[in-house]
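Residue numbers (this note's numbering): 1 to 278. Below you'll find the structure, written out as structure tokens, and then a few comments.
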């Protein structure tokens with residue numbers, strides 16, 4: 001696994017009024033060395049995702065030598081590969097040893113019922129440098145609307161001292177047996193209002209099953225591409241907002257992003273995170 005030193009430009013926190021389309025950048029990115037509130041320790045009933053003796057569908061992170069950062073959460077029960085964990089009161093992001101896509105662990109992000117608005121539950125990793133594009137990939141598992149209705153579950157951003165450009169992978173319950181995958185594209189000037197544009201990819205994420213997704217964004221080419229579980233490009237679009245903050249450092253954050261206060265306890269499981277920058 002390749003790790004790099006971290007350095008993050010200052011980002012002013014932006015409070016969201018509707019976290020589906022206007023999503024804030026958390027205090028952990030504004031203050032990367034801060035100490036977020038401790039999350040809930042409530043127990044969670046988990047279900048095995050498959051036979052623990054079965055081989056992984058994808059190579060382990062140790063074998064993925066061409067990417068800049070990767071975590072399959074299999075080396076440790078702590079998030080030691082990540083720079084920080086952003087978790088508000090009532091929220092946790094932990095390694096789960098009982099549910100996985102690649103044996104034996106995954107990430108469990110959880111927000112307790114009634115937790116305050118714009119709540120985060122996610123680890124964050126920043127790669128220092130001057131980057132104009134990024135590729136994000138991860139396996140995602142959601143039980144159904146009893147644990148997630150409409151939330152951002154994976155984020156990538158590029159930022160400098162004047163602003164940030166970020167993509168949020170959003171899952172929205174269809175009312176049937178699957179979620180629809182949306183990509184929220186944001187340009188966030190420091191001290192100004194965020195510009196948000198929504199991409200409806202048409203990709204379905206089944207409830208109760210692991211599914212691998214992959215996104216590629218080029219702020220130099222102004223293109224967004226999304227691959228489905230089969231690795232086929234299922235969505236391609238020009239970027240809808242103008243990003244002037246690249247090249248800059250890049251951050252990946254799997255887990256809940258600015259979740260609104262809800263009556264349900266929200267849970268999402270994520271495995272095999274890959275983050276490549278250029």
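All residues carry an ideal CB built from backbone N, CA and C; glycine is no exception.
| field | residue 158 Cβ short of 7 Å to the ligand HEM heavy atom set | value | Inclusion of the ligand HEM in the displayed structure is not the case, the ligand content being empty and no account of it being possible.
| Who are the Cβ neighbours of residue 205 in its own chain at under 8 Å, not counting the five residues just before and after it? | As a first step, residue 205 is located in the chain shown; it is residue number 205 there, counting from the start. For residue 205, same chain residues with a beta-carbon under 8 Å away, outside a window of 5 residues either side, are 140, 142, 171, 178, 179, 180, 181, 211 and 213 in chain order.
| query | Cα separation between residue 254 and residue 273? | reply | Numbered from 1 along the chain shown, position 254 holds the residue referred to as residue 254. Numbered from 1 along the chain shown, position 273 holds the residue referred to as residue 273. The alpha-carbon atoms of residue 254 and residue 273 are separated by roughly 8 Å.
| field | For residue 118, three-class secondary structure by DSSP | value | By 1-based counting over the chain shown, the position of residue 118 is 118. Correct three-state label for residue 118: coil.
| message | Taking only three categories from DSSP, how would you classify residue 243? | response | Along the chain shown, read from residue 1 onward, the residue named residue 243 stands at position 243. The answer is coil: DSSP assigns residue 243 none of H, G, I, E or B.
| Do residue 154 and residue 165 come within 8 Å of each other at the CB atom, strictly closer than that value? | Along the chain shown, one-based indexing puts residue 165 at 165. Along the chain shown, one-based indexing puts residue 154 at 154. Taking 8 Å as the Cβ cut-off, residue 165 and residue 154 do not qualify as a contacting pair.
| query | residue 131 bridges to which residues according to DSSP? | reply | Translated into positions along the chain shown, residue 131 becomes position 131. Beta-bridge pairing links residue 131 to 248.
| query | Near residue 243, which residues of its chain fall below 7 Å by C-beta distance, leaving aside the five closest residues on each side in sequence? | reply | As a position in the chain shown, residue 243 is number 243, starting the count at 1. 165, 187 and 219, listed in sequence order.
| query | For residue 151 versus residue 256, is the C-beta distance shorter than 8 Å? | reply | Indexing the chain shown from 1 puts residue 151 at position 151. Indexing the chain shown from 1 puts residue 256 at position 256. Their beta carbons are under 8 Å apart, which means residue 151 touches residue 256 by this criterion.
| said: As an exercise, report each continuous beta strand (DSSP E) stretch of at least 3 residues that is fully enclosed by the segment 198-229, in chain order. | reply: 211-218 and 223-227
| field | Exposure label - residue 232; buried when at least 16 CB within 10 Å | value | By 1-based counting over the chain shown, the position of residue 232 is 232. Burial call: exposed.
| request: Grab me the residues of residue 235's own chain with a C-beta within less than 6 Å of its C-beta, minus the 5 sequence neighbours each way, in chain order. | output: Here residue 235 corresponds to residue number 235 of the chain shown, with the count starting at 1. These residues qualify, in order along the chain: 201 and 226.
| For the putative contact between residue 278 and residue 114, defined by C-beta atoms under 8 Å, what is the C-beta separation to the nearest angstrom? | Translated into positions along the chain shown, residue 278 becomes position 278. Translated into positions along the chain shown, residue 114 becomes position 114. Actually they are not in contact, since the Cβ atoms of residue 278 and residue 114 sit about 42 Å apart, beyond 8 Å.
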